[in-house]
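First residue of the sequence shown? That's 3 in my numbering, and the numbers climb one at a time after it. Glycine included, each C-beta is placed from N, C-alpha and C at the ideal position. It should be emphasised that the depicted structure is a prediction, and the values quoted were computed from it without experimental measurement. Below is one structure, written out as structure tokens, with a few remarks after it.
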Amino acid sequence: MPIQVTVWNENVHEQEREAVAELYPDGIHGAIADFLGAFDEFSVRTATLQDPEHGLTESVLAETDVLVWWSHAANDAVADEVADRVVDRVHGGMGFIALHSGKNSKPFSRLMGTTCNIKFRHAGERERVWVTDPGHPIADGLPDHFEIPQTEMYGEPFDIPEPDRTVFVSWFEGGEVFRSGVCFRRGRGRLFAFRPGHELYPIFEQDEVQRVVANAVRWGAPNEGAVAEWGESDPLESIGE
Ligand code: ZN
């Protein structure tokens with residue numbers, strides 16, 4: 003069975019800025035779905051903010067193994083009800099891959115329980131992404147570092163809980179550093195936040211970036227897991243005899 007992937011995008015910059023529409027004529031979601039769709043192991047659909055229930059209905063989420071989420075300008079426009087639904091599905095085992103400002107989305111920040119605040123700067127500067135966990139499945143097939151020629155800067159401190167693993171750390175031309183690839187577990191679900199992906203540059207056309215996203219989808223896919231029993235419990239043995 004292929005991994006069922008839903009690529010979600012707020013799809014706002016593409017409507018409002020000509021430069022973004024030219025770079026991503028099918029939307030950022032379309033570009034991501036395109037390179038993920040080249041793998042037989044993935045079955046990919048897309049959804050956007052503008053769809054009814056943002057395209058994330060109960061049935062879509064029930065069929066989604068991994069949700070890839072790009073957002074930036076419209077994080078607050080996501081309905082609380084939909085955000086709660088996504089959070090519930092993550093607890094139930096759905097993988098969640100937050101791209102770029104997806105770290106500030108309602109579902110991701112609720113799952114973190116922190117502000118996810120950062121520094122940022124729009125100067126079109128160079129980013130060097132270092133692999134800090136070379137044995138991690140999300141780093142599979144990468145060199146020890148790669149560069150993004152032009153990007154928006156994100157700088158530390160990044161207000162997140164201590165990650166389970168930090169797979170990437172970025173250095174920026176202006177001097178800042180940032181934890182660019184961080185892993186978490188919440189309930190049965192696996193979460194990965196990946197920093198690159200600013201809409202004004204062709205970042206999702208880069209081989210290394212595509213590889214990271216594909217690796218993250220594979221890593222984020224749920225397994226069957228074990229049965230969990232909660233609540234008051236009868237003893238398995240006689241107690242106190
Ligand atoms: Zn940006």
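Tell whether a beta-carbon distance below 9 Å holds between Leu101 and Trp71.
-> yes
Starting from Trp132 and walking both ways along the beta strand (DSSP E), at which residues does that stretch end?
-> Note, Trp132: beta strand (DSSP E), 121-133.
Candidates Gly189, Arg188, Glu207, Val169: which alpha carbon is nearest Arg265's?
-> What the structure shows of the chain is the stretch from 3 to 243, and residue 265 is not part of that stretch, so it cannot be assessed.
Nearest CA to the CA of Pro145: which residue from Pro159, Met155, Arg130?
-> Arg130
Run through DSSP, which three-state label would Phe44 get?
-> strand
Compute the minimum distance between the beta carbon of Ser111 and the heavy atoms of the ligand ZN, and state whether it is under 8 Å.
-> Here the distance from the Cβ of Ser111 to the nearest heavy atom of the ligand ZN is not below 8 Å.
For Ser73, is the beta carbon positioned less than 8 Å from some heavy atom of the ligand ZN?
-> no
Put Leu193 into one of helix, strand or coil per three-state DSSP.
-> strand
Determine the closest residue to Val46 out of Trp173, Arg197, His31, with distance taken between C-alpha atoms.
-> His31
Ala21 (DSSP reduced to helix, strand or coil) | Here DSSP, grouped into helix, strand and coil, assigns Ala21 to helix.
Contiguous alpha helix (DSSP H) assignments of at least 4 residues, all confined to the stretch 46-108 | 60-64, 82-94
Hey, would you say the C-beta of His31 is under 8 Å away from at least one heavy atom of the ligand ZN?
-> His31: no, Cβ never under 8 Å from the ligand ZN.
In angstroms with no decimal places, state the Cα-to-Cα distance between His56 and Glu65.
-> 15 Å
Assigned secondary structure, Gln6 (DSSP; H/G/I helix, E/B strand, else coil) = strand
Assuming Ala75 and Glu12 form a contact by the criterion Cβ under 8 Å, report the distance between their Cβ atoms to the nearest whole angstrom.
-> 7 Å
Where Pro145 sits in the DSSP three-state scheme = coil
Environment of Met245 [buried if 16+ CB atoms lie within 10 Å] | No information on residue 245 is available, as it lies outside the stretch 3 to 243 that the chain covers here.
With hydrogens ignored, establish whether the beta-carbon of Glu329 is closer than 8 Å to any heavy atom of the ligand ZN.
-> In the structure as shown, the chain starts at 3 and stops at 243, and residue 329 therefore has no counterpart that could be examined.
Flag this pair as touching only if the stretch 89-101 and the stretch 207-226 have three or more C-beta atom pairs under 8 Å; answer yes or no.
-> Yes, the stretch 89-101 touches the stretch 207-226.
Range covered by the beta strand (DSSP E) that runs through Phe170 | 167-174
Between which two residues does the alpha helix (DSSP H) carrying Gly1 extend?
-> The displayed coordinates of the chain run from 3 to 243. Any statement about residue 1 would go beyond what the structure contains.
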